[in-house]
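Here is the structure we will look at.
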Amino acid sequence: MNKDVKKESLNVPEFTIANILQTGNWMNEKFSDHLKQFALSIQQYQVLRSLKELKGAPADLQTLQAEMVSKNSNTTRLVEKLRLKGLITRFQNEENRRKVEIRITDEGLTLLTEIELIHKNFENEVVGNLSKDEISVLNKLLIKIRIK
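First residue of the sequence shown: 79, per the working numbering; consecutive thereafter.
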């Protein structure tokens, strides 16, 4: 908990919410640090992962936005940064000029492979002290909180 907030002063729901927020911030910091060596933000990583899952099929900005963990992400800006790094391509759709087709490049796929090779260390750092059953329960509870 935050040093300024005493656990005793919070009721159980308040403590739970504060604990989830603190854990989320901690995990964001850890994951950001993990991705720094690849010069990627969490949001850029999410865009690359979403494109990889499409197995070469193009995505548009709306599809990528829907896949983002943070719905406040500026997907247009993220896509442009990834394009400038050579990790994705961005073309106007020939049939509908208002639509943009975004694909991951071979360089983007190679980078994701590099990240995935050491990503196991990050996973272990975050949930390595939990059993498979505890991880399953944690996931079910987090989903239950979000689906009200």
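Think of the CB as a built atom: it goes at the ideal place given N, C-alpha and C, for glycine as much as any other residue. A quick note: this is a predicted structure, and the numbers were derived from the prediction, not measured.
{"Check": "Pull up the CB-CB distance for G164 and T183, whole angstroms please, since I reckon it's below 8 Å.", "Outcome": "6 Å"}
{"Check": "Where are the beta strand (DSSP E) runs, 3 residues long or more, that stay fully inside the region 128-196, in chain order?", "Outcome": "166-170 and 178-182"}
{"Check": "Quick check on this structure: which residue in L139, N174, T101 and K130 has the alpha carbon closest to the alpha carbon of E185?", "Outcome": "K130"}
{"Check": "Is K226 helix, strand or coil when you go by DSSP?", "Outcome": "coil"}
{"Check": "Only counting the same chain, and skipping five residues up and downstream in sequence, which positions put a Cβ closer than 8 Å to that of T154?", "Outcome": "L139"}
{"Check": "To which residues of the same chain is L190 closer than 6 Å at the C-beta, ignoring the five residues directly before and after it?", "Outcome": "L126 and K130"}
{"Check": "Kindly say whether T167, judged by its beta-carbon, lies nearer than 9 Å to any beta-carbon of chain D.", "Outcome": "The chain inventory of the structure shown lacks chain D, comprising one protein chain alone."}
{"Check": "Should the region 213-222 be regarded as contacting the region 163-178, the criterion being three or more beta carbon pairs within less than 8 Å?", "Outcome": "no"}
{"Check": "List the endpoints of the continuous alpha helix (DSSP H) containing F109.", "Outcome": "V90 to K114"}
{"Check": "List the whole-angstrom C-beta distance separating M146 from Q122, where the pair is believed to meet the contact cut-off of C-beta under 8 Å.", "Outcome": "At roughly 11 Å, the Cβ-Cβ gap does not stay under 8 Å, so M146 and Q122 are not in contact."}
{"Check": "Do T141 and S151 have their C-beta atoms closer together than 9 Å?", "Outcome": "no"}
{"Check": "How long is the line joining the alpha carbons of E107 and L162, rounded to whole angstroms?", "Outcome": "25 Å"}
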